[in-house]
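Trainee: If you read the sequence shown in our numbering, its first letter stands for residue 1, the second for the next number, and so on.
Note that the Cβ used here is the ideal one computed from N, Cα and C, for glycine as well.
Note that this is a predicted model, so its numbers are computed, not measured.
Have a look at the structure that comes next, please.
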Amino acid sequence: MSQKEQHLLKESDLNLNDKMNYGAVEKLCNEDIRKLLKIQVPRSQGTQFYLKLMNYVTSSYLDKSLSVEEKLYRIWFSYFALRVWRYWMTCDDCYSLQDNFMTSNFASCIEINAHALVLSILKLKEMKCEQCLVTWHFGSQACESEFSRCQRIAASRYYTEEGVKQGILIPPHVRPFDSLGR
1 MSQKEQHLLK ESDLNLNDKM NYGAVEKLCN EDIRKLLKIQ VPRSQGTQFY
51 LKLMNYVTSS YLDKSLSVEE KLYRIWFSYF ALRVWRYWMT CDDCYSLQDN
101 FMTSNFASCI EINAHALVLS ILKLKEMKCE QCLVTWHFGS QACESEFSRC
151 QRIAASRYYT EEGVKQGILI PPHVRPFDSL GR
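Below, the structure written as structure tokens:
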């Protein structure tokens, strides 16, 4: 089995200019990628750890199978690991934060998400509605996936019975394709 068959990554998954490629993030967060790095890339412990943090941050909100305790553990583990990493880098002049650490915006988002998860859990406990903790709906990813699904449906299907069965309804006064000259 070739390496590409093992990791299933494409060149576009590693495109640094594509900031909205969530599919690539999902692939990179896969534990199998870390295992391959461990086996095939010497001295890749830092990359493996970074990918583990990526997995923990995303799964703490998106993985439906995790318990509340595991969600909390993963997001706070990631937050504190990043704080230690950042501190370590500031103790040595040979590494700059700008070139060797994530953006401060991204690090702040992780901290905000950690606090938001705690506050959400506490509020839902207070309301006696722990089952309402549906963290996978807290972000925009679910909406973006739905929008993507809608975009893939062929234009002709909008007006067919099949399109209606899939829940795609366009009001009769809207004719979205008239502007395309068709």
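Measure from the alpha carbon of Asp63 to the alpha carbon of each residue in Cys29, Trp85, Cys94, then state which is nearest.
Mentor: Cys29
Trainee: Report whether the distance from the Cβ of Asp32 to the nearest heavy atom of the ligand NAP is below 8 Å.
Mentor: Ligands in the displayed structure: none, and consequently the ligand NAP is not present.
Trainee: Starting from the C-beta of Cys91, find all residues in its chain whose C-beta is less than 8 Å away, skip the five residues before and the five after it, and write them out in chain order.
Mentor: none
Trainee: Any idea what DSSP makes of Asp93, helix, strand or coil?
Mentor: coil
Trainee: Measuring straight from C-alpha to C-alpha, what distance separates Trp76 and Cys94?
Mentor: 28 Å
Trainee: Measuring CB to CB, does Leu82 end up less than 9 Å from Ala116?
Mentor: no
Trainee: What is the DSSP secondary structure of Lys125, counted as helix, strand or coil?
Mentor: helix
Trainee: Given this structure, state the Cα-to-Cα distance separating Ser59 from Lys71, to the nearest angstrom.
Mentor: 7 Å
Trainee: Give the C-beta separation of Asn100 and Met89 to the nearest angstrom, bearing in mind that I take them to be a contact with Cβ-Cβ under 8 Å.
Mentor: Contact holds; Cβ gap of about 6 Å.
Trainee: Just the Cα atoms here: how many angstroms apart are Leu37 and Leu124?
Mentor: 40 Å
Trainee: Would Tyr79 be called buried (16 or more neighbouring beta carbons within 10 Å of its own) or exposed?
Mentor: buried
Trainee: Are the CB atoms of Val57 and Arg74 nearer to each other than 9 Å?
Mentor: yes
Trainee: Of all the options Gln45, Gln98, Ser120, Met102, which has the alpha carbon lying nearest to the alpha carbon of Tyr61?
Mentor: Checking every option, the nearest Cα to that of Tyr61 belongs to Ser120.
Trainee: Just to confirm the assignment, what range does the alpha helix (DSSP H) spanning Arg43 have?
Mentor: Arg43 -> no alpha helix (DSSP H), and no H or E assigned at all.
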